[in-house]
Amino acid sequence: MPYATVSDLEAWLAPEPAPENAVRLLTRASTAIDRALYGLAYDKDDPEVQAVLTNACVQQVHWLIDRDDETGAQDDLASMSTGQRSFARRAPTDGSSSSSSRLTQSAADVLMTSGLFHGFVWTWG
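To get the working numbering, take the position in the sequence shown, counting from 1, and add 1.
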């Protein structure tokens, strides 16, 4: 279940509306947050924790919207041209799967500065 609702996202994006795929984006964002917080113990029922997770989630979705690449299909795209259609791709450097589940810096900052998650937040990219 996503950490934020479509209403939360609409409030964050105002005056812009939430996209049609908002629920899917919120789910992807929540998964990225879960991955970043993997191994940390925290109370998901604590209202303060919920507020921080909601804030991080809408910021993550905002980043996904700005990238216009929900699936991460363009993560390895180093450059692109139009007209004669030129693409340049770089090979993965660490052999890991797609980096589409990475956490944006603004969402990581929300989590780290809240003081509610003891440990560290993984970001890469």
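Virtual Cβ for every residue (Gly too), placed ideally from N, Cα, C.
Only a predicted model underlies this, so the values are computations on that prediction, with no experimental measurement involved.
Please classify asparagine 22: does DSSP put it in a helix, a strand, or coil? coil
Residue range of the alpha helix (DSSP H) that threonine 55 falls in? Start and end: 48-68.
Touch test, the segment 42-52 against the segment 102-114, Cβ-Cβ under 8 angstroms, three pairs minimum: no
So the candidates are Pro48, Phe118 and Thr6; which of them puts its Cα closest to the Cα of leucine 26? It is Thr6.
Going by beta-carbon coordinates alone, are leucine 104 and valine 59 separated by less than 7 angstroms? no
Rounded straight-line distance, which links the Cα of alanine 30 to that of alanine 57: 8 angstroms
Count the other CB atoms, across all protein chains shown, that sit within 10 Å of the CB of threonine 55; report buried if there are 16 or more and exposed otherwise. buried
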